[in-house]
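Chains as they are written, first to last, in this note's numbering: chain V, 26 to 831; chain S, 48 to 294.
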């Protein structure tokens, strides 16, 4: 048969439908059976199902090998038959196809998750996929279909392994919840870009849900992939009726949507769960003589993390590549990495993302550290912290390959250069693992002094990369910067080289900070040079996004060259700054609206929880002649009571109540030191507080303490997981007026009863208040507690009531 | 974790349906008695870690007693919540483990599982699983860094940060549990089945003490989840549950 990829140029091909439900219909799927083993035990039934689809009009039929990876077969003790089962799967399909239909050999997901989601390594997954692909191609399949995948890293490993194992066309399909994301968060446009870069010939979606949900999915894939598209939807969403799973979509409905997909430019259309030969028959009839619609070809450099796509086109905003994650000259980062930690790197990643980076550069090279291991750790940690694509910055070939395997997306390699060894090692890795590439114009002889030489080196690198299979769109050239203090013409040369290289249709990146070595106020020079470079056509700037001055230069230059359309990004950033400024000054604005003078400001400080300003405010009040005692009783306590009322009316929620209490605590600590002897406010009573034995949740108890303290109670906090004996002893020792007990669980609640019993038995006069998630008024009564409080404010009320009766 | 499960509408709709007629689980049970190895699904114990989660801000607010009609959130607290959510993303290390078990037998209050001594005991959970031929036991956590930081804030007198971060942690592990449920549903769909809602020891009449057996059956110590004598999970922000498969 003619190569399927050639046929697809002019023809829509119809895929078959579900296999599992057909096996079930034949009563072959008894519990615990391995569906793929049926290739050996029930070959005639398998051929029969294939034949039904061929008769229905399917141009492509799928082998019964979805779960025939050695790892999956091991679950049934069949791993020794891996080759046999896969070969039989292809043989049976070919027998039914008789040269009238293509045989697509099916590979499904592995039963284990890949790192970092699970324990399985990239290499192990690769090995298993490679093995299965080899068996399938040896048996004579026409193409390989990798399907129902939900982890982008797993399908990436599968595509790469299949490409390495055989020369068959590769169809790669993921399953998207409601058509939008895979369960691990990958949207269809990311799948398109990542799998396209890895060399998939056909990309699509299967399973997921009904065809209507997959319309947007296929558009998103089509807008980001030049090759062929495929879609195999379910027959609608599964429903459970009378304990049986059913799919409701009719053949007519599926056929109608098949035509919709054809209009979108989809080349291979079939069905998944719930479809049967009648669906396929209707679809084949509807698609007869239909040709795939032409699609617009996407352009520009693309990078992707597991969850996010970044596209760089000639007229889009240049990219900011955040340069902070590099232990050279970074003592804090170096120390953290040396200690085997990633905390600083993760914080750096989050900060750069917040400040507007579009890509994060990861450099783990430092003397004395294991770069390979660190790079793997950094990639795993940082791709879990931010959703920006990463640039792998290393000169160590092993660290580079480790990172490329680890990365669940399409990364940027920083970098290859004109040296023979670099080109021979880095470019094949970029092509193999589907990465974009920065090429530095430097070789064994150094940075060429003449513009023309840098341009020809750029040509040489780009030519070699394209030849190896990297798309020209995915190449950035960095023509390097010399220090102007030693090379006065250096910056001009670089700008000239940028213009020339842009003229070749290549994209240009640049690290700018080298330019200013040895000169004062380097930030000003860096910012000026960055603006000029953007003026010359720079597409990607390797800078520190946390530096406001350099980001200002980046944002304004991007507006001036009209790459920030309608200045949208610029205006957005400026608005963001404006609003963060007003947020900072919000509290004084409110104070101004409140009663004037120091009294109003004290009141408001508690009401609005101004923790940072309260100390100064009290100092100001005392300097102005107010008495500490009055400050507390006349201004702060009334404010706190208003906070309590607001909380009860639900105008405030918990954080506002706690913030007021925190502020009050700071105020009270200051005032205590200022109060004259004898002036000290009389304690409202002593309360011993504890979370009972076995229970480690003390957050609720701490909230209650924070509020009670503000109401003048003296608190003895025994902490969490406190035994009955300890509580009783403390109650005795501190002559407690009240014992407050907290428990969160039904299993620990019974401890409360022990305590109330022990207090009564030892005739300790303290009252008891109980509370916590599962505790109720009725329970409190049953165990003989004196009070029950539902929350912190309620605790104040109950405590006051109990003591007023004394 | 004192939270209740979110309602799974599909499962809720199903709860009214009672399966009469053949129950595949009965057959599974008989077969598994004779071929325990075939039914021992413990060959693989999938572990998932570093699953990325989005912290649902509104749910965090609600957990902190936010009322959408009445509460006026101040800018300062609003910013503080953003800050804590951002910090949480750095502190969270998600880990989950799950195992699938064939149902080997049942009474009205007990669902027995093939290949483990652990059985699901309770009238309500038994009713939830009445059509299930298979169940997934699972346990997950967002790790100990977040609760530790929350306690540290409180010991520094920053109760506000401590309380917010604690609520963020609760919502984070809840979101993680939803993600794991989605993965289990996907696994079920690959075998032509759908799943029930997620149900944890401590809900209804399923005793929280049963958690000990559940965690052991699923190998939760592999991901660092432990139980204290009162059956509280350590780290605090952890969830254990059963999910039923029905076909």
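Each residue gets a CB set at the ideal place from its N, CA and C atoms; glycine is no exception.
Quiz prompt | residue 207 (chain V) to residue 239 (chain V) span [Cα, whole Å] | solution = Counting from 1 along the first chain, the entry for residue 207 (chain V) is found at position 182. Counting from 1 along the first chain, the entry for residue 239 (chain V) is found at position 214. Computed Cα separation, rounded: 13 angstroms.
Quiz item: Could you give the residue range of the beta strand (DSSP E) that holds residue 199 (chain V)?
Solution: Translated into positions along the first chain, residue 199 (chain V) becomes position 174. It spans 195-199 - the beta strand (DSSP E) in which residue 199 (chain V) sits, taken as one unbroken run.
Quiz item: Using the C-alpha atoms, what's the distance from residue 211 (chain S) back to residue 107 (chain S)?
Solution: Looking up residue 107 (chain S) in the second chain gives position 60. Looking up residue 211 (chain S) in the second chain gives position 164. Roughly 8 angstroms separates the two Cα atoms.
Quiz prompt | Local conformation of residue 463 (chain V) per DSSP, three classes | solution = In the first chain, residue 463 (chain V) corresponds to position 438, counting from 1. If DSSP states are grouped into helix, strand and coil, residue 463 (chain V) belongs with the strands.
Quiz item: Quick one: Cα of residue 26 (chain V) to Cα of residue 570 (chain V), how far?
Solution: One-based indexing of the first chain puts residue 26 (chain V) at position 1. One-based indexing of the first chain puts residue 570 (chain V) at position 545. C-alpha separation (whole angstroms): 56 angstroms.
Practice problem: Please list, in chain order, all residues of the same chain as residue 493 (chain V) whose beta carbon is under 7 angstroms from its beta carbon, the five residues on each side excluded. | Solution: Locating residue 493 (chain V) in the first chain gives position 468, counting from the first residue. Excluding sequence neighbours, residue 493 (chain V) sits near 452, 453, 456.
Self-check item: Segment contact, 8 angstroms Cβ cut-off, at least three pairs: the region 504-514 of chain V with the region 543-552 of chain V
Solution: yes
Quiz item: Are residue 348 (chain V) and residue 395 (chain V) closer than 8 angstroms when you measure CB to CB?
Solution: Working through the first chain from its first residue, we reach residue 348 (chain V) at position 323. Working through the first chain from its first residue, we reach residue 395 (chain V) at position 370. Going by C-beta atoms, residue 348 (chain V) is not nearer than 8 angstroms to residue 395 (chain V).
Quiz prompt | Pairwise C-alpha distance: residue 57 (chain V) and residue 173 (chain V) | solution = Your numbering for residue 173 (chain V) matches position 148 in the first chain. Your numbering for residue 57 (chain V) matches position 32 in the first chain. Cα to Cα, residue 173 (chain V) sits roughly 21 angstroms from residue 57 (chain V).
Quiz item: Is the Cβ of residue 813 (chain V) closer than 8 angstroms to any Cβ of chain S?
Solution: Numbered from 1 along the first chain, position 788 holds the residue referred to as residue 813 (chain V). Chain S, which has no Cβ nearer than 8 angstroms to the Cβ of residue 813 (chain V), makes this no.
Exercise. Check whether the Cβ of residue 677 (chain V) lies closer than 8 angstroms to any Cβ atom in chain S.
Key: As a position in the first chain, residue 677 (chain V) is number 652, starting the count at 1. Answer yes: the Cβ-Cβ gap between residue 677 (chain V) and chain S drops below 8 angstroms somewhere.
Exercise. Would you mind stating whether residue 789 (chain V) and residue 763 (chain V) have Cβ atoms separated by less than 8 angstroms?
Key: Locating residue 789 (chain V) in the first chain gives position 764, where the first residue counts as 1. Locating residue 763 (chain V) in the first chain gives position 738, where the first residue counts as 1. No, the Cβ-Cβ distance between residue 789 (chain V) and residue 763 (chain V) is not below 8 angstroms.
Exercise. Express the C-alpha separation of residue 140 (chain V) and residue 111 (chain S) in angstroms, rounding to a whole number.
Key: Counting from 1 along the second chain, the entry for residue 111 (chain S) is found at position 64. Counting from 1 along the first chain, the entry for residue 140 (chain V) is found at position 115. Roughly 35 angstroms separates the two Cα atoms.
Quiz item: Can you name the residues that DSSP bridges to residue 715 (chain V)?
Solution: Taking the first chain and counting its residues from 1, one reaches residue 715 (chain V) at position 690. In DSSP, residue 715 (chain V) forms a bridge with V:766.
Quiz item: When you compare only the Cα positions, how much space is there between residue 424 (chain V) and residue 563 (chain V)?
Solution: As a working note, residue 424 (chain V) is residue 399 in the first chain. As a working note, residue 563 (chain V) is residue 538 in the first chain. Rounded to the nearest angstrom, the two C-alpha atoms are 28 angstroms apart.
Quiz item: Going by the beta-carbon positions, is the gap between residue 461 (chain V) and residue 328 (chain V) smaller than 8 angstroms?
Solution: The residue you call residue 461 (chain V) lines up with position 436 of the first chain. The residue you call residue 328 (chain V) lines up with position 303 of the first chain. Contact flag set, yes.
Exercise. Measure from the C-beta of residue 409 (chain V) to each C-beta in chain S and report whether the shortest distance is under 8 angstroms.
Key: Here residue 409 (chain V) refers to the residue found at position 384 of the first chain. Residue 409 (chain V) counts as touching chain S.
Practice problem: Check whether the Cβ of residue 137 (chain S) lies closer than 8 angstroms to any Cβ atom in chain V. | Solution: Taking the second chain and counting its residues from 1, the one referred to as residue 137 (chain S) is at position 90. By this cut-off, residue 137 (chain S) is an interface position.
Practice problem: State the beta-bridge partners of residue 194 (chain S) as determined by DSSP. | Solution: Counting from one through the second chain, the residue named residue 194 (chain S) turns up at place 147. Note: residue 194 (chain S) sits in no beta bridge, so no partner.
Quiz prompt | Cβ-based burial, residue 167 (chain V) [other Cβ within 10 Å; buried from 16] | solution = For this step, residue 167 (chain V) is matched to residue 142 along the first chain. By the 10 Å Cβ count, residue 167 (chain V) comes out buried.
Practice problem: Please go through the same chain and pick out, in chain order, the residues whose beta-carbon is closer than 6 angstroms to the beta-carbon of residue 138 (chain S), but skip the five residues on each side of it. | Solution: The residue you call residue 138 (chain S) lines up with position 91 of the second chain. Taken in chain order, the residues that qualify are 192, 193, 196.
Quiz item: What residue from V:376, V:286, V:391 has the CA that sits closest to residue 384 (chain V)'s CA?
Solution: As a first step, residue 384 (chain V) must be located in the first chain, where it is residue number 359. Comparing Cα-Cα distances from residue 384 (chain V) to each of V:376, V:286, V:391, the minimum goes to V:376.
Practice problem: Tell me, please, which residues DSSP counts as bridged to residue 232 (chain V). | Solution: Counting from one through the first chain, the residue named residue 232 (chain V) turns up at place 207. According to DSSP, which records beta bridges pairwise, residue 232 (chain V) is partnered with V:258.
Quiz prompt | DSSP-derived helix/strand/coil call for residue 296 (chain V) | solution = To locate residue 296 (chain V), count along the first chain from 1; it is residue 271. Looking at residue 296 (chain V) - three-state DSSP - the assignment turns out to be coil, as it is neither helix nor strand.
Quiz item: For residue 29 (chain V), is the classification buried or exposed, using 16 other Cβ atoms within 10 angstroms of its Cβ as the cut-off for buried?
Solution: Position 4 of the first chain, counted from the first residue, corresponds to residue 29 (chain V). Flag for residue 29 (chain V) reads buried.
Quiz item: What do you reckon, are the CB atoms on residue 503 (chain V) and residue 326 (chain V) nearer than 8 angstroms?
Solution: Numbered from its first residue, the first chain carries residue 503 (chain V) at position 478. Numbered from its first residue, the first chain carries residue 326 (chain V) at position 301. No, the Cβ-Cβ distance between residue 503 (chain V) and residue 326 (chain V) is not below 8 angstroms.
Quiz item: What residues in its chain sit with their C-beta under 8 angstroms from that of residue 649 (chain V), if we drop five residues either side in the sequence?
Solution: By one-based count along the first chain, residue 649 (chain V) stands at place 624. Answer for residue 649 (chain V): 623, listed in chain order.
Quiz prompt | Per-residue burial, residue 157 (chain V) [other beta carbons within 10 Å of its own, 16 or more giving buried] | solution = Counting from one through the first chain, the residue named residue 157 (chain V) turns up at place 132. Residue 157 (chain V) is buried by the Cβ-count criterion.
Quiz item: Between which two residues does the alpha helix (DSSP H) harbouring residue 527 (chain V) extend?
Solution: Your numbering for residue 527 (chain V) matches position 502 in the first chain. Element bounds for residue 527 (chain V): 515-528.
Quiz prompt | DSSP state of residue 111 (chain V) mapped onto helix, strand, coil | solution = Counting from one through the first chain, the residue named residue 111 (chain V) turns up at place 86. Note: residue 111 (chain V) maps to helix in three-state DSSP.
Self-check item: Inter-stretch contact at 8 angstroms, needing at least 3 Cβ pairs: the region 403-415 of chain V / the region 304-322 of chain V
Solution: no
Exercise. Tell me, to the nearest whole angstrom, how far the beta carbon of residue 566 (chain V) is from that of residue 732 (chain V); I am working on the premise that it is less than 8 angstroms.
Key: The residue you call residue 566 (chain V) lines up with position 541 of the first chain. The residue you call residue 732 (chain V) lines up with position 707 of the first chain. So it is not a contact: roughly 51 angstroms between Cβ atoms.
Quiz item: What is the C-beta distance between residue 99 (chain S) and residue 210 (chain V), in whole angstroms, given that I count them as a contact (C-beta under 8 angstroms)?
Solution: In the second chain, counting from the first residue as 1, residue 99 (chain S) sits at position 52. In the first chain, counting from the first residue as 1, residue 210 (chain V) sits at position 185. The Cβ separation is near 6 angstroms, so the contact holds.
Quiz item: In the region 110-126 of chain S, which residues sit with their C-beta less than 9 angstroms from some C-beta in chain V, listed in chain order?
Solution: 110, 111, 112, 113, 114, 116, 117, 118, 119, 120, 121, 122, 123, 124, 125, 126
Quiz prompt | Minimum C-alpha distance to residue 108 (chain V) - residue among V:119, V:185, V:163 | solution = By 1-based counting over the first chain, the position of residue 108 (chain V) is 83. Checking every option, the nearest Cα to that of residue 108 (chain V) belongs to V:163.
Practice problem: Identify whether residue 38 (chain V) lies in helix, strand or coil by the three-state DSSP scheme. | Solution: Stepping through the first chain from its first residue, residue 38 (chain V) is reached at position 13. Of the three classes helix, strand and coil, the one that applies to residue 38 (chain V) here is strand, per DSSP.
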